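Undergrad:
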Amino acid sequence: MGNFHGRDDPYYIDQYGSEFWRQSSAQTYPKPQAKKILEEGVKLPIDDAELFVFQETKLPECALLLKRHGGILFTSDSLQHHQDYSYCPWPAKIMMRLAGFKRTTIVGPPWKKIVTKKGKTLFGSIFSV
C-alpha cells in the first residue's frame, strides 16, 4: 500500500505463505513478484473492503477502507494519527515535532513533500477518500 515499505515482504511470504499484492507501479522493492495487482475496482479478499488509489502522486500509494464499525481506514504514510508520544524515545519526540507531526490526524509531512508533483496539490486526492 505504501511505496516506502516492503523490505520485509519476503519474510511474510516465506513465513506465513501470504499472497502478495502490490500496485503495478511500485518499484522500490521489485521482488517478490506480486500475485495480485492493487488497483481501484479490484476484487479484494475482504468482502466489505474498498481500495482507494492516490492518483496525483509521484510514487504509488493507496488506502484500504474496511466498511464495518463505522469505517476503518488503513493507510501507509499518507494519513497518520499521532495522539501520544509517551512511548517514543526523547530524540524521536523532538524529531517528530520538527518534522511537523502534530498530535492529531494529518497528512504525513515527509510523505506529502516527497510525493507531491511540482506545481500540483494533493488536495483532491486526499479529500476524496
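Here the numbering used here = 1-based position in the sequence shown + 45. Note that the Cβ used here is the ideal one computed from N, Cα and C, for glycine as well. Note that the structure is a prediction, hence the values are computed from the model and not measured.
Return the CA-CA distance between K157 and P134, expressed in angstroms with no decimal places.
TA: Rounded to the nearest angstrom, the two C-alpha atoms are 24 Å apart.
Undergrad: Considering only residues of the region 46-85, which uninterrupted alpha helix (DSSP H) runs meet the minimum length of 4 residues and lie entirely inside it, listed in chain order?
TA: Whole alpha helix (DSSP H) segments, 4+ residues: 54-61.
Undergrad: Only counting runs of 4 or more residues, tell me where the alpha helix (DSSP H) segments fall wholly within the region 100-150, in order along the chain.
TA: 135-143, all fully within the region 100-150.
Undergrad: Where G116 and D93 are concerned, what is the direct C-alpha to C-alpha distance, given to the nearest angstrom?
TA: Each residue's Cα considered, the two are about 10 Å apart.
Undergrad: Looking at C-beta atoms only, is the number of pairs between the region 150-164 and the region 97-110 that lie closer than 8 Å three or more?
TA: Counting Cβ pairs under 8 Å, three or more are found: they touch.
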